[in-house]
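Read in order, the letters of the sequence shown are residues 1 to 346 in UniProt numbering.
Backbone N, C-alpha and C define an ideal beta-carbon position, used for all residues, glycine too.
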Amino acid sequence: MATIADVAKHAGVSSSTVSYALSGKRSISEETRQRIERAIAELGYHPNAGARALAGKRSHIIALVVPLHTDVYVPTMMEIAIAVTMTARQHGYDVLLITNDEGPEGVRRVAGSGLADGVILMDVRLDDDRVPVLRAQGIPAALIGIPDDPHGLSCVDHDFGAAGALCADHMADLGHRDVAFIGYAAGVYQRHAGYAERTLNGFRDQAEQRGLRFLHRPCEGTYESTAGTLARILSDRPATTGFVVQNEGAIGPLLSLLRASGRTVPEDASVMAICPDQLAEQYAPRLSAVTGPPKELGSVAVEQVMARIAAVADGAPQPEDGLMLLSPELVIRESTTWAPRRRPDQ
Numbered sequence: 001m002a003t004i005a006d007v008a009k010h011a012g013v014s015s016s017t018v019s020y021a022l023s024g025k026r027s028i029s030e031e032t033r034q035r036i037e038r039a040i041a042e043l044g045y046h047p048n049a050g051a052r053a054l055a056g057k058r059s060h061i062i063a064l065v066v067p068l069h070t071d072v073y074v075p076t077m078m079e080i081a082i083a084v085t086m087t088a089r090q091h092g093y094d095v096l097l098i099t100n101d102e103g104p105e106g107v108r109r110v111a112g113s114g115l116a117d118g119v120i121l122m123d124v125r126l127d128d129d130r131v132p133v134l135r136a137q138g139i140p141a142a143l144i145g146i147p148d149d150p151h152g153l154s155c156v157d158h159d160f161g162a163a164g165a166l167c168a169d170h171m172a173d174l175g176h177r178d179v180a181f182i183g184y185a186a187g188v189y190q191r192h193a194g195y196a197e198r199t200l201n202g203f204r205d206q207a208e209q210r211g212l213r214f215l216h217r218p219c220e221g222t223y224e225s226t227a228g229t230l231a232r233i234l235s236d237r238p239a240t241t242g243f244v245v246q247n248e249g250a251i252g253p254l255l256s257l258l259r260a261s262g263r264t265v266p267e268d269a270s271v272m273a274i275c276p277d278q279l280a281e282q283y284a285p286r287l288s289a290v291t292g293p294p295k296e297l298g299s300v301a302v303e304q305v306m307a308r309i310a311a312v313a314d315g316a317p318q319p320e321d322g323l324m325l326l327s328p329e330l331v332i333r334e335s336t337t338w339a340p341r342r343r344p345d346q
């Protein structure tokens, strides 16, 4: 691995001159700077975080606090994390992954150590106990998700309330009157995950406005749990003709179970999901879905935290607020159609 002395020798300058070029503490000629930059590129030199922190009071690292819950959809989380990493690199920053298991202590440790210039939190709960620590520490931060009190924070998320409302409208527009909402496992709602609660609230409010009768049933997402959930729905509300699913693991089992029960999708039962486009395209029939771009969540969060890091570096106050909701999109495919005609006595 190349050292700062190797760079100095390759560029024909002293090690201290290379340090000045990296830290920006002293002015050097443009010709010398270009020689150093060429040497760095040719040797593949990367200054370590400790050296950069000492030289420039910045580590050029962002800490990304990622969830490790067994009930999250890992591909979406990874897509967000990759987007964070790629956008951070465009700013010359590296990303340090911190597990969600550490909770407030993990945030406090990162903020107090100076290991990272900023923090991005994922899987934000409505009553997230990490948020007070962020406020107390004053470290530049961005949240992927929105707590109950977002004041003074930079947050980005999909508009899950609007996503739920789009699902209710789509089912109502097709003439469905009895609709089941199959959600995440009960533990997701118990920990007050914002994406789950806001979607359900948006669906419930719009369903009531549109005159839909609906059931909400949490589901673990396995075949067995989905079978039990479907059996209870049809027992409680046998006239159900529409299914809205916000649980990636339950989609495949639900389609199989409906076919096994003699219900053809979409002729006898319409099914739509809140899920990524690529997942909706995998099934037969292809799923009507409400979706949003996970990559954009990651890139916006990085831009938000970089704006706060820059303010601190300039000695300016951090932005007061920064709330961005990404609009969901309804893509209609083959899994939804007009509700079956009912007998006069139904």
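C-beta atoms of residue i and residue j nearer than 7 Å
i      : j      : result
Leu257 : Ala269 : no
Ala339 : Gly221 : no
Ala168 : Ala142 : no
Val84  : Gly298 : yes
Ile98  : Val65  : yes
Val156 : Met324 : yes
Arg217 : Thr229 : yes
Beta-carbon proximity list for residue i, same chain, < 6 Å, skipping 5 on both sides
i           : result
Val188      : Asp71, Ala196
Gly292      : His158, Leu326, Pro328
residue 387 : Missing from the structure shown is residue 387; the chain here goes from 1 to 346 and no further.
Asp277      : Thr291
Straight-line Cα distance separating residue j from residue i
i           : j      : result
Tyr300      : Ile309 : In the sequence under discussion, the amino acid at residue 300 is Val, which differs from the Tyr named in the question. Taking the straight line joining both Cα atoms gives about 14 Å.
Asp149      : Ser288 : 33 Å
Leu215      : Gln209 : 15 Å
Arg232      : Ser225 : 11 Å
Ile251      : Pro75  : 15 Å
residue 401 : Ile182 : This structure leaves residue 401 out entirely; the chain is present only between 1 and 346.
Met306      : Ile28  : 27 Å
His91       : Arg191 : 34 Å
Asp205      : Tyr45  : 56 Å
Ser261      : Arg237 : 15 Å
His170      : Thr241 : 13 Å
Which of helix, strand or coil DSSP assigns to residue i
i           : result
Asp178      : strand
Leu230      : helix
Met324      : strand
Ala185      : coil
Ile144      : strand
Val18       : helix
residue 378 : Only positions 1 to 346 of the chain appear in the structure, and residue 378 is not among them; the question remains open.
Val305      : helix
Close beta carbons around residue i, own chain, < 7 Å, minus the five adjacent residues each side
i      : result
Val312 : Pro140, Gln318
Tyr93  : His60, Ile61, Ile62
**Report entry** Uninterrupted alpha helix (DSSP H) stretches inside the region 209-292 (no shorter than 4 residues)
**Finding:** 223-236, 248-260, 277-280
Query raised in the report: Which runs of the beta strand (DSSP E) fall wholly inside the region 44-125 and span at least 3 residues, in chain order?
Result: 61-66, 94-99, 118-121
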